[in-house]
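These notes are about the structure you will find just below.
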Amino acid sequence: MNLDALAGCVSSSACLVTQISTALIVGMLLFMVTSGLSLIFGVLGIINFAHGAFYMMGAYFALAAYQLTSSFAVAFLAGALGVGLLGIVFERLVMSRVYGTDVLMQLLVCYAMILIADDVVKIVFGPEYKMMGMPDAFALPPIELFGGFIPAYYVFMIGASLLIGLLLWLGINKTRLGKTIRALAINPQMVGALGINTTLLYAGVFGIGSLLAGVAGALAAPTRTLTPGMGVSILIESFIVTVIGGMGSIAGALIAALLIGFARAFGAIGCPLFVDGLMFALMAVVLVVKPSGLLGREPAR
Amino acid sequence: MTKTTGVVGRRAFIGGMAAGAAITGFPHIAGAQAKAIRIGLPTILSGRVAILGTSSRAAVQLATQQVNDAGGIAGRRIEIVDRDSKGRPDEAARVTRDLINNDGCEIVIDGEASSGAFAVHEVVRDLGVLCLHTCSETSSLSADPKLFVKTAFRCARQGIHDAVAGGTYASEISKAKGLKKWATCSPDYAYGRDNTAEFVEYVKLFDPQIEVVDQLWPKLFAPDYTESITKMLQVKPQAVYSALWGGDLVAFIEQSNLYRLFANTAFFSGGLGDPPVLSAIKQLPPGLNTAYRYNRNYPANPENTAYADGFVKIAGHESTNWGWQNYLATQFIFEALRRTGGKTDGGALAAEIKGMTVKSGFGVDGNITMRESDHTIINYPVAWGRTVPKAPWVEGFQAVEWAKILELEQQWKKSKGYA
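Chains B and U are the protein sequences, given in the same order.
To convert, note that position 69 of the first sequence is 69 in my numbering; the numbers rise steadily by one, no gaps.
To convert, note that position 224 of the second sequence is 1224 in my numbering; the numbers rise steadily by one, no gaps.
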């Protein structure tokens, strides 16, 4: 523990700005991945263990599109929409057949998807790492704010994630379709009895959840190396966020992702050798104090 | 009649046996002479460091193709049998045993990273075949006498040589530019910590005014280094050393570029010099200091250029450090096989290789020697250069004298109880 360094950082505007921006960078990307995971769990009641593979596919779709067009906008859309479509196909052909089965069966199916996705990426793109590189529009000096620095691309990344999160919240809470989806999560039989095509809704929700993983992959692609299997590490962090925030809660996912972001950013200053441990410690505390997560629904008694 | 018949029968029988021996035995011997010499290559062909194995395999394939095109050795062709260990030491040991016991491999080129190399080393101790480790840079593998195996050799650069060279080079720059405030950022596992500790030890030995103000240890294979980079920005070091390598180093440099870290901070890297790493970085900043890993222009000679071109034809990209080390390993093995007339007995081949000097385009003066005392190579390129944004990516290599490296290596061995 280096509390002096932490105190020094908190009392310096430059350090504070840089570390808060770091927390937002880490947190918002995690939120993009976790919100999709939570949406799928909240409505469909299944844990999509293949969500990390969708994140990876989003990054590779973006890379391929960027190599073809040199346009980041096209790359971003390819990553998001490509994975959204892939999610729908996966739900219709595979996941829909294991609804209602035990978690082990769902886990096996998702694990198979992970292995297939990794091998397909290996065959198409090769086993070695790839780098998309920073688009020219963002290859700018970092923005200086109160003596701290925030790279231009990260400002875009945070802004885009916030906007997508806001649209998701508005879509679920303020639209008729959102109301139907919420009803679907609570009583699918009743929704079906009202003549609503629940099969289509399930596929759509799975597609949107997957699209969010694709968005995260596309946003990460310019700054991270792409490798087959890259989805595994973010999946583990996403599960930590989901447990802290509460299974199925998108608002909880946002709060938990930001908590993890702040723990990582300021943990790197105050206890650099315990940053990962800090994440798990946070999770343990939440599990002890509120086992359903910060905003998770308490199980019915 | 019966007796005569019996005699004739016995003669016929003996004649038949002789003919049978001629028909079945001679082709068997001829077959044995023509039987290919199988070399096993356990390495990492999948996962995040697959390029270690794929480039090792490409280099061995290039050398094998060349020797087979020239008629093989003692009338025998060379065959390579590779196996993927997936980077797991237990799997490396298992596939090595399989290669020897079931696939008929008589020699092993161990293309494993350090963790797997130690496992393969013990298999070789057990089975007694000739083995050349081609990717492990951990010094103790060959420096520690307790680990000595008489048929095992290291044909790879090693940490202590690089540490002396890196410390010498970096201290000259630190003295010239007044770089006193240093930080390190290396992966949090045995190699990352050992490599960084050795570099820091020697750079401080040569420039005692250097102070290491912060040491960051991101996880191995971490996808994001933002928290380490921003932490580094807070301590404002004048120079940074990193033992990150491969895709991790690519991500670290790209992410550091976003903060313009290298605009005011000198950067020293032990792992940046591999051309596939350098070419993967889309915005490679000029002037980063890196250890030589491989470069088609260094050492500048026709043999090195021919190797570089041949490697590109097979692998589709420039050679890595692992590439030249594996190619060199085949040169030692083939020369030993020529000297034994194709005999593959581990002890006989090891007796030829220990102390052997081969002519090589990679050698500092055209030769590389397998040191007899600890079965490791010396006189390979140990140099540092500076990055340029386009191919050949690194220029201005400055070599460090081998005499100095050997002297300090000896002191290091004494301090560790190895000598």
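We put the CB at the ideal spot given by N, CA and C, even for glycine.
Valine 1394 of chain U: not part of any alpha helix (DSSP H); member of the beta strand (DSSP E) spanning 1394-1399, first to last residue. For valine 26 of chain B against histidine 51 of chain B, the beta-carbon gap comes to about 18 Å, at or over 8 Å, which does not count as contact. The beta-carbon of valine 1312 of chain U is placed no less than 8 Å from the nearest beta-carbon of chain B. DSSP places lysine 130 of chain B in the strand class (E or B) of the three-state scheme. The beta carbon of alanine 1351 of chain U sits no closer than 8 Å to any beta carbon of chain B. Here serine 1319 of chain U is buried: its Cβ has 16 or more other Cβ atoms, across all protein chains shown, within 10 Å. Nearest C-alpha to alanine 1156 of chain U among U:Thr1357, U:Arg1293, U:Ala1399 and U:Thr1054: U:Arg1293.
Take tyrosine 1241 of chain U, set aside five residues on each side of it, and the residues of its chain with a beta-carbon closer than 6 Å to its own are Thr1184, Phe1199 and Phe1268, in chain order.
Interface annotation, leucine 1179 of chain U: not in contact with chain B, CB-CB separation never under 8 Å. Contact annotation for tryptophan 1393 of chain U against chain B: no contact, minimum CB-CB distance about 14 Å [criterion: below 8 Å]. Between glutamine 1238 of chain U and the set U:Phe1262, U:Glu1254 and U:Leu1244, the nearest pair of CA atoms involves U:Phe1262.
In this structure cysteine 1105 of chain U is in contact with arginine 1038 of chain U, their Cβ atoms being roughly 4 Å apart against a cut-off of 8 Å.
Put simply, the segment 10-25 of chain B touches the segment 138-148 of chain B. At least three CB pairs are less than 8 Å apart.
In the DSSP assignment, valine 286 of chain B forms no beta bridge with any residue.
Contact annotation: in the segment 1283-1300 of chain U, residues whose CB is within less than 7 Å of a CB in chain B are Gln1283. Assignment of tyrosine 1202 of chain U by DSSP, reduced to helix, strand and coil, places it in the helix class. Within 8 Å of the CB of aspartate 276 of chain B, the CB atoms of chain U belong to Lys1219, in sequence order along the chain. At a C-beta separation below 8 Å, lysine 1231 of chain U has these neighbours in chain B: Ala268, Ile269 and Pro272. Chain-ordered listing is empty here: chain B has no CB closer than 7 Å to the CB of aspartate 1162 of chain U, the nearest sitting near 23 Å. About 13 Å separates the CB atoms of alanine 1143 of chain U and histidine 1133 of chain U; that is not less than 8 Å, and the two are not in contact. In terms of Cβ geometry, serine 1140 of chain U and leucine 1130 of chain U do not form a close pair [threshold 8 Å]. Looking at the backbone, the Cα of alanine 80 of chain B and that of glycine 58 of chain B are separated by about 6 Å. Assigned with DSSP and collapsed to three states, glutamine 1215 of chain U falls in strand. For a Cβ distance threshold of 8 Å, residue set Pro142, Phe149 and Pro151 of chain B lies close to tyrosine 1259 of chain U, ordered along the chain.
Shown here, alanine 50 of chain B sits in coil according to DSSP, grouped into three states, outside any helix or strand. For arginine 1057 of chain U, no Cβ of chain B is located within less than 8 Å of the residue's own Cβ. Take tyrosine 60 of chain B, set aside five residues on each side of it, and the residues of its chain with a beta-carbon closer than 7 Å to its own are Val121, Phe125 and Leu226, in chain order. A distance below 7 Å between beta-carbons, with the five flanking residues on each side excluded, links proline 1286 of chain U to the following residues of its chain, in chain order: Thr1387, Val1388 and Pro1389. Runs of beta strand (DSSP E) with 3 or more residues, each lying fully within the segment 1255-1289 of chain U, are found at 1266-1269, listed in chain order. Residue burial annotation: glutamine 1061 of chain U is buried, with at least 16 other C-beta atoms found within 10 angstroms of its C-beta.
The segment 253-260 of chain B makes no contact with the segment 65-81 of chain B: fewer than 3 CB pairs, one atom from each, lie closer than 8 Å. Looking at the DSSP output, serine 1242 of chain U shares a beta bridge with U:Ser1269.
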